[in-house]
Amino acid sequence: MKEMTDIGLISEFLVNYQGGFARRGLLGEILYWLWQSYSMDPILIIQSISIICFSGVVIFFGYQFLKKRYNWWILPLGFFLANGWIIRKDYLMILILAAIIYGYIHLKNIYLKLLFVILLEIVLIFTHEAFFFFGTPFVILLFLRDKNLDVKIGVRILFSTLLVLLFLIVCYYKGNNQIVMSISNSWSPLFSDLVQNGGILKSLSWETLPTMKFHFRVNFVESSFGFIGLIIRPITLFFVYYLASRILFVFRTPHSQLQDNDKPLLASILIFQFIMLIPMFTVLSCDTGRVVLYWLSSSFIFFLLIPRELLKYIFPQYFLRSITKIDQKIDILLPPTKGLMALLVLVITMTPVGFHIDEAMSRSVFGVVGTFVSNILRSIMIIF
55 MKEMTDIGLI SEFLVNYQGG FARRGLLGEI LYWLWQSYSM DPILIIQSIS IICFSGVVIF
115 FGYQFLKKRY NWWILPLGFF LANGWIIRKD YLMILILAAI IYGYIHLKNI YLKLLFVILL
175 EIVLIFTHEA FFFFGTPFVI LLFLRDKNLD VKIGVRILFS TLLVLLFLIV CYYKGNNQIV
235 MSISNSWSPL FSDLVQNGGI LKSLSWETLP TMKFHFRVNF VESSFGFIGL IIRPITLFFV
295 YYLASRILFV FRTPHSQLQD NDKPLLASIL IFQFIMLIPM FTVLSCDTGR VVLYWLSSSF
355 IFFLLIPREL LKYIFPQYFL RSITKIDQKI DILLPPTKGL MALLVLVITM TPVGFHIDEA
415 MSRSVFGVVG TFVSNILRSI MIIF
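For any residue, its number in this note's numbering is found by taking its place in the sequence shown, counting from 1, and adding 54.
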């Protein structure tokens, strides 16, 4: 709740089109119109959207896990592990991604299905370009590989090209110093110095190459404990994958809908999503916690909503076979047991920005509980 008044985080919602078209500006333009036309408080709207979307994601995963009889206490793995910021657009994008997949699966009219998916894709890509990496590739894959979709190959290619074109448009109109100043001036009656305080807004003026160098430096050069940090980071990401791809099956309930042949499907989704997010893990972002949030949440959305008979044909067979062979070898070297899963749940986590071992440990379940107990003991010692 403390983040709800942080102008540095709120500024992401305030990007609008008052200085011309710019990435991330769609939602901000709507907020600006509501403020100008109806004097609606943008901060109150941002806070309401953030809480509603976060609650919506919790309800969505909770309902799906209960419906499929999965262990509900595994849920934190999906959307709490990565320390996502409630006040930013993360949970809005995750919730709308779930709506896209649900609409694609359940809408029977092909034209209504296409219109629904395209409109929401436009909304999300124009809301935040990060969605293209964790949402659009799988939607394109789904559209191209769905054998039950009665659409000619030319239409499929045109649809896929349109989604890529939308992303390229956002990349081209990424923003500049003049646009940043115009946005700041448009909100000046409410926020006196948005350029100075709105760190996310200022990022619109960053040049591409220096931005990539900055993210690379934060991700790899400034990792804590130097070379050891560079080794531990990929190991941590491996264990996140290991945990996410196996925990449902290790703690499978007697009435669960899970089948053994679901394992390679979930693993393949996780690997595909990770590959698509590599640009964000390396040079396009240093918000490690958010990227892991995108990775896990989107993967579980696809696994929960898309029917198994359709998922089997989404990926090429050689891809599924390769993932299966690799996972079998991993399980031989590191057998997934309940004890190991429980241990990983206690210690595995991510830092919000970059990768710092000490901060990551303090944010783990083990670290939070340990700090809490330590503070209690310290208070007792002060009293006596």
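Note that CB positions come from ideal geometry on N, CA and C, so glycine has one too.
Reduced DSSP secondary structure (H/G/I, E/B, other) of residue i
{"i": "Gly-79", "result": "coil"}
{"i": "Gly-73", "result": "coil"}
{"i": "Leu-120", "result": "helix"}
{"i": "Ala-184", "result": "coil"}
{"i": "Gln-101", "result": "helix"}
{"i": "Ile-194", "result": "helix"}
{"i": "Val-205", "result": "coil"}
{"i": "Gln-313", "result": "coil"}
{"i": "Phe-133", "result": "Note that Phe-133 has pLDDT 47, beneath the 50 cutoff, so the model's placement of it is unreliable and the number below is only indicative. Helix, per DSSP."}
{"i": "Pro-318", "result": "helix"}
{"i": "Val-345", "result": "helix"}
{"i": "Arg-306", "result": "coil"}
{"i": "Gly-283", "result": "helix"}
{"i": "His-160", "result": "helix"}
{"i": "Val-407", "result": "coil"}
{"i": "Lys-228", "result": "coil"}
{"i": "Pro-361", "result": "coil"}
{"i": "Lys-143", "result": "coil"}
Proximity of residue i and residue j at Cβ, strictly below 9 angstroms
{"i": "Val-272", "j": "Val-407", "result": "yes"}
{"i": "Phe-197", "j": "Arg-210", "result": "yes"}
{"i": "Asp-200", "j": "Ile-355", "result": "no"}
{"i": "Ser-104", "j": "Ile-150", "result": "no"}
{"i": "Tyr-227", "j": "Phe-420", "result": "no"}
{"i": "Leu-144", "j": "Arg-344", "result": "Looking at the sequence shown, residue 144 is not Leu but Asp. Their beta carbons are under 9 angstroms apart, which means Asp-144 touches Arg-344 by this criterion."}
{"i": "Phe-373", "j": "Phe-426", "result": "no"}
{"i": "Arg-77", "j": "Leu-258", "result": "yes"}
{"i": "Leu-364", "j": "Ser-65", "result": "no"}
{"i": "Leu-169", "j": "Ile-154", "result": "no"}
{"i": "Pro-390", "j": "Phe-303", "result": "yes"}
{"i": "Ile-106", "j": "Phe-119", "result": "no"}
{"i": "Gly-189", "j": "Ser-352", "result": "yes"}
{"i": "Gly-110", "j": "Phe-180", "result": "no"}
{"i": "Val-403", "j": "Ala-414", "result": "It should be pointed out that residue 403 corresponds to Thr in this sequence rather than to Val. Cβ atoms of Thr-403 and Ala-414: closer than 9 angstroms."}
{"i": "Tyr-156", "j": "Lys-167", "result": "no"}
{"i": "Asp-316", "j": "Arg-375", "result": "no"}
{"i": "Ser-236", "j": "Gly-73", "result": "yes"}
{"i": "Thr-342", "j": "Thr-265", "result": "no"}
{"i": "Cys-340", "j": "Phe-281", "result": "no"}
{"i": "Leu-212", "j": "Val-193", "result": "no"}
{"i": "Leu-394", "j": "Leu-388", "result": "yes"}
{"i": "Thr-290", "j": "Phe-409", "result": "yes"}
{"i": "Leu-219", "j": "Ile-164", "result": "no"}
Buried/exposed call for residue i, threshold 16 Cβ in 10 Å
{"i": "Trp-139", "result": "buried"}
{"i": "Val-171", "result": "buried"}
{"i": "Tyr-86", "result": "buried"}
{"i": "Ser-102", "result": "exposed"}
{"i": "Cys-225", "result": "exposed"}
{"i": "Val-69", "result": "buried"}
{"i": "Val-337", "result": "buried"}
{"i": "Gly-8", "result": "What is shown of the chain runs 55 to 438, which leaves residue 8 out entirely."}
{"i": "Ile-430", "result": "exposed"}
{"i": "Trp-241", "result": "buried"}
{"i": "Glu-175", "result": "buried"}
{"i": "Pro-191", "result": "buried"}
{"i": "Gly-82", "result": "buried"}
{"i": "Met-334", "result": "buried"}
{"i": "Phe-357", "result": "buried"}
{"i": "Val-234", "result": "buried"}
{"i": "Pro-243", "result": "exposed"}
{"i": "Asp-381", "result": "buried"}
{"i": "Phe-67", "result": "buried"}
{"i": "Ile-360", "result": "buried"}
Neighbourhood of residue i by C-beta, 6 angstroms cutoff - its chain only, sequence neighbours within 5 removed
{"i": "Ser-299", "result": "Leu-320, Ala-321, Leu-324"}
{"i": "Val-401", "result": "Ser-418, Phe-420"}
8 angstroms CB neighbourhood of residue i in its chain, flanking five on each side removed
{"i": "His-309", "result": "Arg-123"}
{"i": "Ile-99", "result": "Leu-85, Leu-88"}
Residues near residue i by beta carbon distance below 7 angstroms, same chain, minus five either side
{"i": "Leu-195", "result": "Ile-368"}
{"i": "Ile-411", "result": "Ser-278, Phe-279, Gly-283, Ile-286"}
{"i": "Leu-398", "result": "Phe-293, Leu-297"}
{"i": "Arg-306", "result": "Leu-312"}
{"i": "Thr-378", "result": "Pro-318"}
{"i": "Gly-132", "result": "Bear in mind that a pLDDT of 48 at Gly-132, under 50, signals an unreliable position, so the number given afterwards is only what the model happens to contain. Around Gly-132: Phe-115, Leu-350, Ser-351, Phe-354."}
{"i": "Trp-126", "result": "Gly-116, Phe-119, Leu-120"}
{"i": "Gly-229", "result": "Ala-76, Arg-77, Leu-258, Ser-259"}
{"i": "Gln-232", "result": "Gly-73"}
Residue i: CB within 8 angstroms of a non-hydrogen atom of the ligand NAP
{"i": "Val-112", "result": "With respect to small molecules bound, the structure shown includes none, and the ligand NAP cannot be examined in it."}
Looking at C-beta atoms only, is the number of pairs between the region 146 to 165 and the region 347 to 366 that lie closer than 8 angstroms three or more? yes
Does the count of Cβ pairs from the region 182 to 195 and the region 150 to 161 closer than 8 angstroms reach three? yes
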